[in-house]
Amino acid sequence: MILQTEKNILVHLFITAKTPLPSRMIIYGSHGKIVIPDYWKASSATLYDNTDHATSLQVTQNSEFVFEIQHFNQLWSQHQLTSPVMTPTLTCHTVAIIEDLYRQWTTSI
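When we follow the UniProt record's numbering, the leftmost residue of the sequence shown carries the number 1, and every step to the right adds one.
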């Protein structure tokens with residue numbers, strides 16, 4: 001994906017995952033669930049109540065990375081090397097959580 005910022009800076013994002021699973025998210029709650037197909041570029045979702053009644057939801061939005069890109073541009077223009085939002089400590093903590101989940105998933109197969 002290539003995006004252009006307000007100051008005509010081109011940003012190239014490349015994310016990949018090696019998995020045969022569909023790119024969808026299901027959020028379960030006490031009153032039903034929300035199914036989001038292709039959640040990386042979601043513009044629609046379906047809300048299911050406990051009786052399986054479906055309600056379609058449509059959303060028009062910018063790129064899923066628009067806020068991250070805006071934040072990066074702000075930091076860059078202020079010559080900041082680290083984010084006060086996603087600190088190095090928080091980043092390491094998040095990676096540790098993902099690693100722990102990955103270990104749980106791979107050992108349960």
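The C-beta atom is built at its ideal place from N, Cα and C for all residues, glycine as well.
Relative to the Cα of P84, the nearest Cα in the group F72, V95, T94 belongs to F72. Nearest neighbour of F65 by Cα position, chosen from Y102, N8, A42, Y48, turns out to be A42.
If you ignore the 5 residues before and after L75, its C-beta comes within less than 7 Å of the C-beta of S83, all in its own chain and listed in chain order. Around A45, the same chain offers I34, V35, I36, L57 as residues with beta carbons nearer than 7 Å, after the five sequence neighbours per side are excluded. Under the DSSP assignment, A54 falls outside any alpha helix (DSSP H), being part of the beta strand (DSSP E) whose first and last residues are 54 to 58.
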